[in-house]
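Read through the structure below, which is laid out as C-alpha cells, and then see the notes.
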Amino acid sequence: MKKTILSGSTVTGDLTLGNYIGALNNWKNLQQDYDCLYFLADLHALTVMQDPKVLKERTYSFLAQYLALGLDEKKNIIFVQSQVPEHTQLAWILTCLTPMGYLNRMTQFKEKSEKHVKNINAGLYTYPTLMAADILLYQADLVPVGEDQRQHLELCRDIVGFFNNRYGEGTFTLPEAYVGKMGARVMSLQDPDKKMSKSDENEKNFVSIIDDPKKIEKKIKGAATDSGTEIKYDVENKAGLSNLMTIYSVLSGKTYAEIETAFAGKMYGHLKVELADLVVSTLKPVQDKYHDLMKNRDHLDSVMKMGAERARVRATSTLKAVYEKTGLVL
Ligand code: TYM
Numbered sequence: 010m011k012k013t014i015l016s017g018s019t020v021t022g023d024l025t026l027g028n029y030i031g032a033l034n035n036w037k038n039l040q041q042d043y044d045c046l047y048f049l050a051d052l053h054a055l056t057v058m059q060d061p062k063v064l065k066e067r068t069y070s071f072l073a074q075y076l077a078l079g080l081d082e083k084k085n086i087i088f089v090q091s092q093v094p095e096h097t098q099l100a101w102i103l104t105c106l107t108p109m110g111y112l113n114r115m116t117q118f119k120e121k122s123e124k125h126v127k128n129i130n131a132g133l134y135t136y137p138t139l140m141a142a143d144i145l146l147y148q149a150d151l152v153p154v155g156e157d158q159r160q161h162l163e164l165c166r167d168i169v170g171f172f173n174n175r176y177g178e179g180t181f182t183l184p185e186a187y188v189g190k191m192g193a194r195v196m197s198l199q200d201p202d203k204k205m206s207k208s209d210e211n212e213k214n215f216v217s218i219i220d221d222p223k224k225i226e227k228k229i230k231g232a233a234t235d236s237g238t239e240i241k242y243d244v245e246n247k248a249g250l251s252n253l254m255t256i257y258s259v260l261s262g263k264t265y266a267e268i269e270t271a272f273a274g275k276m277y278g279h280l281k282v283e284l285a286d287l288v289v290s291t292l293k294p295v296q297d298k299y300h301d302l303m304k305n306r307d308h309l310d311s312v313m314k315m316g317a318e319r320a321r322v323r324a325t326s327t328l329k330a331v332y333e334k335t336g337l338v339l
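My numbering applies: residue 10 is where the sequence shown begins, and numbers increase by one.
If you want it as C-alpha cells, here you go:
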C-alpha cells in the first residue's frame, strides 16, 4: 500500500519560485512513489478580499500551472477545494473542537491581520481548521509543505488529538509534515529577511512561474545583496546572496561548495546573470505548456470535474465515519 500525500496552494497571486522550490517541485517528485492528492485552495483565498472574476480566472490559471509544472492528473487526484463540499462540512466540526487559545498562537493569522487591518474576518482566524479538514478528509500520511506551514500542520495534529479525546481513536490518520531539506524557505528578493510571497504587493520581491524572461532577468539582477564581493553561502551576513545561491543550488543540483568554487574570484553580478539564465531556461518549457493549456478551457474543466469526483469518493467516506462518531444523522 502506497502512503497518501496531500498538499495544496491558496489561489492568490501567481505561483512563485518559492512555491515551486518549496512545494511543487517536491510534489512532482513524490507522485511516482505515493498516492497523491493535490488541490487548489480557493476557499482559503476568500479569507482576503478577492475580485470574483479574478478569482475564477486564477483558478484556471493555477490548475494550468500545476499541470505545466509536471503534475499528472491521471497519476494524482488534482481538484478544486470548493468543488468538494465535504471540506467545509468537516471544517465546522473541527472548528467546534479547537480552543481559541490554539488559534490565537498562529503566526500567519497575526501577520495577515496586521496586513489586512480592514478585513480581519473570522475565516482568517479559523483558516487552520479548514486546512486540518483538507488533510484529514483524505487520511493523508504526509503533507509536503514549506517551513511557513509547519505550525498549521502541528495544529492539525493537535486537532486529531482533540477529536480522539472526545470521540475515541481510529477515525483519522495522524499526518506528518514533509519539509524538503533545501529551499523550504525561499526569501524575498528585495527584503531577504522575509519569505518570498505570491501575495506581496511589491512584485520585485518575487519571481512568478509565468513571468516573461525579461521580467525574470530584471528581478534577479535587481535582487538586494550586501556590499561584499566574495561569493560565499552565509545566511547571517549575506542573506540576499545566500537566498540566490539556494535557488541556484536547487535548480542546478549543485551544492553550495560547488557554486562557491565555480564563482571563486567572480562578482555577485556574474552569479545573478547565470542564475537569471538558469531560471529562464528552467521555466521556458513550463511556460510553453502553460500557455497551451490556458487555450483549452474545456480540457481544464474536465480535469477539475474528474478530480472532484475522485476526491469526493474518499471525502464522503471519511465524513460518514465522522458523522457516525459525532452523533450527526446521515
Ligand atoms: P501557499 O499557497 O502559501 O503556498 C503553497 C506551498 O508553497 C510553500 N511556500 C514556500 N516554500 C518555500 N519558500 C517560500 N517562500 C514559500 N512560499 C510558499 C508553502 O509552504 C506551501 O507548501 N495554507 C496553505 C495551503 C493549504 C494547504 C492545505 C497546504 C490549504 N490547505 C492543506 C497543505 C495541506 C497555503 O496558503 O500555502
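C-beta atoms are modelled at their ideal positions from N, C-alpha and C, and glycine is treated no differently.
Ser91 sits in a helix when the DSSP states are folded into three classes. Under the three-state reduction of DSSP, Thr68 is assigned to helix. Within 10 angstroms of the beta-carbon of Asp221 lie fewer than 16 other beta-carbons, which makes it exposed. Inclusion of Leu49 and Gly17 in the CB contact set at 8 Å is warranted, their separation being smaller than that value.
Between the ligand TYM and Ala324, a heavy atom-to-CB distance of less than 7 Å is absent. Nearest neighbour of Met276 by Cα position, chosen from Leu146, Glu239 and Asp301, turns out to be Glu239.
Within the same chain, Leu52, Gln90, Leu139, Ala142, Asp143, Leu146 and Ala324 come within 8 Å of His96 by CB-CB distance, once the 5 residues on both sides are set aside.
Annotation: Lys228 to Thr182 spans about 43 Å, alpha carbon to alpha carbon. Note that the C-beta distance between Ala233 and Gln199 is below 8 Å. Taken in chain order, the complete alpha helix (DSSP H) segments of 4 residues or longer contained in the stretch 13 to 74 are 34 to 39 and 51 to 54. Ala77 and Ser208 have their alpha carbons spaced roughly 21 Å apart. Relative to the ligand TYM, Asp157 has its C-beta within less than 7 Å of a heavy atom. At the C-beta level, Leu260 and Lys281 stay beyond 8 Å of one another. Distance from the CA of Met10 to the CA of Gln148, rounded to the nearest whole angstrom, comes to 13 Å. According to the DSSP assignment, Tyr187 belongs to the beta strand (DSSP E) that extends over Glu185 to Tyr187.
For Met196, the secondary structure class from DSSP, reduced to helix, strand or coil, is strand. Straight-line spacing of the CA atoms in Gln74 and Asn85 works out to 15 Å.
Under the DSSP assignment, Leu250 falls in the alpha helix (DSSP H) whose first and last residues are Ala248 to Ser261. If you check the C-beta of Ile256 against the ligand TYM, you find no heavy atom less than 7 Å away.
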